[in-house]
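**Student:**
There are 2 protein chains.
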Amino acid sequence: MAEDEMAEHINVKKSENFSEWYTQVIIKTGFVDYSEVSGCIVFLPPAYFAWQTISNAIDAEFKKIGVEDTYFPLLIPEKLLTKESEHFEGFVPEVAWVTRTGKTELEEKLAIRPTSETIMYKSFSKWIRSWRDLPMKYNQWNNVLRWEFKHPTPLIRSREFLWNEGHSVFATEEEAIAEREQIIGIYLKVLKDYFAVPGIVGRKSDNEKFAGAVASYSIEHMMPDGWALQGPDHHYDGQNFSKAFDITFLDREGKPVYAYQNTFAISTRELAVLVATHGDDRGLVLPPKLAYVQVVIVPIYKKDNREKVHAYAKKVYEQLNGHFRVKFDDRDGYSPGFKYNEWEMKGVPVRLEIGERDMSGNSVMAVRRDTGEKKPVKVTELGKELEHLMTAIHDNLYSKASDFLKSHVHIVDSYEDLKKTLKEKGGIVTAPWCGDRKCELTVKEETGAKITNIPIEPVKFGSKCVVCGNKSKFAANFARSY
Amino acid sequence: MAEDEMAEHINVKKSENFSEWYTQVIIKTGFVDYSEVSGCIVFLPPAYFAWQTISNAIDAEFKKIGVEDTYFPLLIPEKLLTKESEHFEGFVPEVAWVTRTGKTELEEKLAIRPTSETIMYKSFSKWIRSWRDLPMKYNQWNNVLRWEFKHPTPLIRSREFLWNEGHSVFATEEEAIAEREQIIGIYLKVLKDYFAVPGIVGRKSDNEKFAGAVASYSIEHMMPDGWALQGPDHHYDGQNFSKAFDITFLDREGKPVYAYQNTFAISTRELAVLVATHGDDRGLVLPPKLAYVQVVIVPIYKKDNREKVHAYAKKVYEQLNGHFRVKFDDRDGYSPGFKYNEWEMKGVPVRLEIGERDMSGNSVMAVRRDTGEKKPVKVTELGKELEHLMTAIHDNLYSKASDFLKSHVHIVDSYEDLKKTLKEKGGIVTAPWCGDRKCELTVKEETGAKITNIPIEPVKFGSKCVVCGNKSKFAANFARSY
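Listed in order, the protein sequences are those of chains A and B.
Sequential numbering from 269 applies to the first sequence in my numbering.
Sequential numbering from 269 applies to the second sequence in my numbering.
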C-alpha cells in the first residue's frame, strides 16, 4: 500500500523540551496555526470547538446566577481609556491604536480594547440610577488585543485572544465580595468537568493583582515544565472604577452611593493548559467532552476483503453517529498504522479498529488514547461501552493531572529551601511570608519566582517570613510563571 | 400608589415616521444603546440574547452540512488586503487602520477586518494540497468594522457589527454552486422559525454584487416604510480569489487546479428587521423564540391583600420557571398599568395578570402582546396553554409579515408604471429588464431605486425591458433600499 505523504510525527519528548514539544503539538496536529500577523494565531476547528463548548457551558452557568450577556464596541476613545490612571498604565504599552479610517486621520485616536472596563463603565454610569437597578451583572464574550512585546507563544501569550469579561455592579461591598465564590466555583467546575484540569485558588499579592483592583483571586495551573500559568480570575474592584466613572445609585433612603464592582474572566489561554496538561510524546490527548472527534473508526483490509470490511465498519459508524462525534477514516492509500498515528497525534480519545477477525466475532477492537489499552467490544454493547470509556478517560486524565499538580507543590520553611526547591524541583513552593512587597521582590529578583497566589485552602505554615524573618502572615505560593 | 418615575412611551406612530419610531423603540426599550464611539452601539441583553439564539441555531444547521468553525485574526496586513484589487477597492474607503502599538509606529499598517477573505485565503493557500482536502467549509462568528461615512443607524448601518462569515472551497464549480441552496435554505429556515420573518431570494445584478464575486444571491426584506433591506447572502466567487491567493489543489490525476470558492453571511443587521417587522405603536413585539422574557407575571393588589396575591403569583412563577423565560414583576411602588406599559414596550409575548378574582377561580388572565387578546387560563392548564400561545403568536407574526411583504410587491410592465408605483406605493416593483447595466442605472438615477435582486421564484414578466424596450431577460425587483 503506497502512502502518498509521509506521516507527521512529534519528534521531541515532552519531558526533554517542553517548549518545542508544545509548539510541535499545537501546530502539527492542526489545533492552531500561525498567521500573517505576528503574535496572532488562527484557531482551527478542534481548538475553536473546544472554546465554543466551554464558553457555552460557562454561559449556561452564568445565566443561572443572573449574569447577562451584552456586546460593547471594540474601539475605545483615548480619553476614556486614560480615565482611570492606574488601570490605564497597566495597559498602555500594549494598546493597538486606530489613527486613520479610509484616508482620513482621526481627531482622537481609538484603542482596540485590551479589556472593556472603561467603555462599559461609561455606559453603566448612565444606566444605573437606583438600588432597583442593582445588582447588574453584565458579561461579554469577545476578542481583545494586547500587543505584548515579549516573545509571543500561541495561546499562552497571543496578541489577540478570546475571553469572557464579566463586569458586575452591586449596592454593597458584601454582595460584591460574595460573588467571588460563585464565579470561581463555576470556573473550577468547568475546568474539572470539561478540561479535566485542576487548579489552585488563591488571592494575588498586591504587587501581582489586576491594575485597578482591590483584591484579585486566580486559579493557578501547573505546566509540565514546573512553571505556573495563571488561569481564570475574579477581581474585586471596590469603588475604584465607580469613583473614576461616576457610577452612583440612589439607595433606599434616596442617598447617592458609589457602587461596588467586580470583574472576572476566562480566556483561550486555557486551551494551552488543556494541551500541555494531557498531551504526551505522541501528541494531543483530549478529554472526551472537548475532543472534536471522540471516536475514530479505522478499517483493516486487503484488496480482496475491502468491500466487506468497509460495509461492516460503515454500519458501526452509522450506529454511533449522532451519539458521539465519530469519524470513519475510509481513505484508501493509507495503511492502518499511518492512520493510527495520525489520530493518536490529534488526540482522539477512542480508536475502533475493525478487521475481518473482529467481524467474525461481531465485535470491534477499542483502543484508549490515554492508556493505550485495547479491548474487544461486542457491537451490540458498543454504545454503552463507549459512554463508559469516555467517563473513564475523563476521570483518568483529571486524576493524573491532579496527582501531577499535588506532586509539584512543596512546602518549605526557610529561604535556603525555597531557593533550592525552586532550582532543583521547580513547581510551586509554599512558604511563610510577612506580606511585605520588599520580601516578595527579593525572591523574584533572586530566583525568578513570583507569588502566583496565596491559597485559600488552609496550609500549615511557619511563623516567620522566609525572607526577612519577621512574623509571617500568609502561606504564599512562589513559582516561576508564564 | 406613588410612581417613582414617569413611564416611558413611544411617542410617534410607526406609520407616520418610521425612522423616528425605530430609533425610539430600540433605545427606549433597552434593546441597544449608543456608545462613546460614533456609529458603534452597545447590544443590551435582549438584543444579544436574540443574536446568540439565532447564531446557535444557524451554527447547529451549519455543522450538519459539514461547515466547521474557526477563528482568524482581527487584523489584516495592508499588503494582504490589497491583493485582490476589485475586492479591496470595495472596502478601502471604510477600513479602520491600526498604525501604532503602544508608542511604536508600525512598519506596515494593519486593517481591522471589514471581512476576512484576504487573511483566510492566505492560510487556505498553505493548507490545501490535494483533492482529499476538499471540500473545506470554514466559518467564523466574529465582529467586523466598516467605517461608513453615511449617516450610521443602529443595527441597520452600524460601523461595527457581528456576523457569520462562511468561506467554503470546492474542487468543482458544480459543487460550489450547489452549496447555495443549502446555505440560503438554512438562513430562510431560521428567519422563518426564529425571526418569524420572510424574504425574497434572488440573484444580485452585476452592478450590485459583492466585490470579488461571480454571482451574489441575497434574501431581501421589506421594511415598514416600503424600503427594501438586504438580509443574508451567499456569493459564488468562482476562481477569483483562488487565482489571487494561489489556492490550488492536486486533482485525482495529480494535476494542479485552482479551487472554486463561496462566501456567505448573516449579520446583526437582521435584528433591525426583527424590530421593524413586528413592532407596533406601543413598542417592540418579539417572536417568542427570540424574546428575552417570554412571560411576565404582574400581580394586582392593594395593601390589605398584597401578601396573598404575591404568594399566589410566586407559585405561578415557580411553576413556569425553567419551562419559559419568565419574569415576576414584584416591584412595589408601581401600578399594574405602569408595568403593563413597560413590558408591552419591551415586547414580552405574554403577560399574566393575577388579582384576587383570578385566585378565587384558580386561574390567571393571559394577555397576548401581538393581538391584545385576553383570556382566563386555569393554573393547572397554564403550561400547555402557554406552549400553545407561543406557537400561535409566532405563526400570527409570520403570517402578518408575509402578508405585508406580498402586499408590497407590485408587478409592472412599463417604465411609467414603474416610476408611478415606486413613487406612490413604494415597496418592491418587479419589471422586465434586458440585463443591461445602463438601464439599471437609469432607473437608479431617475427613481432612487436599485435592483435588490432578480427573484428565483418564477415571475411572469413582459417581453420588453421597461427602460430601453429591448428584449427582456429577467424579472428584476426594483426598490429603494437601505
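The beta carbon of each residue, even a glycine, is placed where N, CA and C say it ideally should be.
1) If I follow the unbroken alpha helix (DSSP H) through A:Asp626, where does it start and stop?
2) At 7 Å on the CB atoms, spell out the chain B contacts of A:Leu439, in chain order.
3) Hey, out of B:Lys646, B:Thr372, B:Lys296 and B:Cys308, whose CA is closest to B:His277's CA?
4) Out of B:Val564, B:Ser670, B:Lys371 and B:Tyr569, point me to the one whose CA is closest to A:Phe359's CA.
5) Can you name the residues of chain B whose CB is closer than 8 Å to the CB of A:Gly370?
6) Just the Cα atoms here: how many angstroms apart are B:Lys614 and B:Val293?
7) Could you spell out where the beta strand (DSSP E) holding B:Asp505 opens and where it closes?
8) Measure from the C-beta of B:Asp337 to each C-beta in chain A and report whether the shortest distance is under 8 Å.
9) Kindly indicate which three-state DSSP category A:Gly709 falls into: helix, strand or coil?
10) Taking only beta-carbon atoms, is A:Asp310 less than 8 Å away from chain B?
11) Which class does A:Ser510 belong to by DSSP, given the choice of helix, strand or coil?
12) Is the number of C-beta pairs between the stretch 569-588 of chain A and the stretch 619-632 of chain A that are closer than 8 Å three or more?
13) Count the other C-beta atoms from every protein chain shown that fall within 10 angstroms of the C-beta of A:Ser306, then say buried if there are 16 or more, exposed otherwise.
14) Are there 16 or more other CB atoms within 10 angstroms of the CB of A:Ala446, so buried, or fewer, so exposed?
15) Write down the C-beta distance between A:Asn475 and A:Arg705 rounded to the nearest angstrom, noting that I regard them as a contact closer than 8 Å.
16) My guess is that B:His676 and B:Thr698 are in contact by the Cβ rule of under 8 Å, so how many angstroms apart are they, rounded?
17) Given this structure, state the Cα-to-Cα distance separating A:Asn738 from A:Ala717, to the nearest angstrom.
18) In this structure, does DSSP put B:Asn475 in helix, strand or coil?
19) Quick check on B:Tyr316 - is its C-beta less than 8 Å from some C-beta in chain A?
20) How would you list, in chain order, the residues of chain B whose beta-carbon sits under 7 Å from the beta-carbon of A:Glu538?
21) Considering only the beta carbon of each residue, do A:Asn721 and A:Ile454 sit closer than 8 Å?
22) Since I believe B:Leu430 is in contact with B:Thr531 (beta carbons under 8 Å), could you give me their beta-carbon distance rounded to a whole number of angstroms?
23) If contact means a Cβ-Cβ distance below 7 Å, which residues of the stretch 610-627 of chain B contact chain A?
24) Measure the alpha-carbon distance for B:Asn745 versus B:Val553 and round it to whole angstroms.
25) Is B:Met656 buried or exposed, if buried means 16 or more other CB atoms sit within 10 Å of its CB?
26) If you measure between the beta carbons of B:Ser749 and B:Ala496, is that distance less than 8 Å?
27) Taking Cβ to Cβ, would you say B:Lys741 is nearer than 8 Å to B:Gly703?
28) For a quick check, are the C-beta atoms of A:Ile515 and A:Phe340 less than 8 Å apart?
29) How many whole angstroms separate the CB atoms of A:Gln529 and A:His435, which I take to be in contact at a CB cut-off of 8 Å?
30) Just to confirm, are B:Pro382 and B:Arg414 a CB contact at a threshold of 8 Å?
31) State the Cα-Cα distance for the pair B:Ala581 and B:Asp626, rounded to the nearest angstrom.
32) Any idea what DSSP makes of A:Thr440, helix, strand or coil?
33) Pull up the distance between the alpha-carbon of A:Lys557 and that of A:Phe463, whole angstroms please.
34) Drop a sphere of 10 angstroms on the beta-carbon of A:Asn432, count the other beta-carbons inside from all chains shown, and report buried for 16 or more, exposed for fewer.
35) Buried or exposed: where does A:Pro555 fall if 16 or more other Cβ atoms within 10 Å of its Cβ makes it buried?
**Tutor:** In short:
1) From DSSP, the alpha helix (DSSP H) with A:Asp626 extends over Glu624 to Ser628.
2) With the sequence shown as reference, residue 439 of chain A is identified as Ala, and Leu is not the correct amino acid for it. For A:Ala439, none of the residues of chain B pass the 7 Å Cβ criterion, the least Cβ distance being about 16 Å.
3) With distances taken between Cα atoms, B:His277 lies closest to B:Lys296.
4) For A:Phe359, the nearest C-alpha among the options comes from B:Lys371.
5) In chain order: Val360, Pro361, Glu362, Val363, Trp415 and Phe417.
6) Taking C-alpha positions only, B:Lys614 is separated from B:Val293 by approximately 8 Å.
7) From DSSP, the beta strand (DSSP E) with B:Asp505 extends over Ala496 to Gly506.
8) Chain A contact via Cβ: present.
9) It should be pointed out that residue 709 of chain A corresponds to Leu in this sequence rather than to Gly. Three-state result, A:Leu709: helix.
10) Checking the displayed sequence, the identity of residue 310 of chain A turns out to be Val instead of Asp. With its beta carbon less than 8 Å from one in chain B, A:Val310 belongs to the interface.
11) Correct three-state label for A:Ser510: helix.
12) Contact between the stretch 569-588 of chain A and the stretch 619-632 of chain A is present, because at least three Cβ pairs lie under 8 Å.
13) When all chains shown are included, A:Ser306 counts as exposed.
14) By the C-beta density criterion, A:Ala446 is exposed, having fewer than 16 other C-beta atoms within 10 angstroms.
15) Contact check for A:Asn475 and A:Arg705: beta-carbon distance about 5 Å, within the 8 Å limit, so the pair qualifies.
16) Taking C-beta atoms under 8 Å as the contact rule, B:His676 and B:Thr698 fail to qualify, at a distance of about 11 Å.
17) Taking the straight line joining both Cα atoms gives about 20 Å.
18) In the three-state DSSP reduction, B:Asn475 falls in the coil class, being neither helix nor strand.
19) So yes, B:Tyr316 belongs to the interface.
20) Those do not exist, as A:Glu538 stays about 15 Å from chain B at its closest Cβ, beyond 7 Å.
21) Cβ atoms of A:Asn721 and A:Ile454: not closer than 8 Å.
22) Rounded, the Cβ-Cβ distance is 17 Å, inconsistent with contact.
23) Per Cβ criterion, the list is empty.
24) For the pair B:Asn745 and B:Val553, the Cα-to-Cα distance works out to about 29 Å.
25) First, the amino acid is wrong: residue 656 of chain B is His here, not Met. Exposed, because fewer than 16 other Cβ atoms sit within 10 Å of the Cβ of B:His656.
26) It is a contact, given that the beta carbons lie within the stated cut-off.
27) Yes, the pair counts as a contact, with Cβ atoms nearer than the cut-off.
28) Result no, Cβ atoms of A:Ile515 and A:Phe340 do not sit closer than 8 Å.
29) Going by Cβ atoms, the distance from A:Gln529 to A:His435 rounds to 7 Å, so yes, they are a contact pair.
30) The criterion of a C-beta distance shorter than 8 Å is satisfied by B:Pro382 and B:Arg414.
31) Cα to Cα, B:Ala581 sits roughly 10 Å from B:Asp626.
32) Three-state DSSP puts A:Thr440 in coil, outside helix and strand.
33) Looking at the two C-alpha atoms, the distance is approximately 8 Å.
34) It counts as buried.
35) A:Pro555 should be labelled buried.
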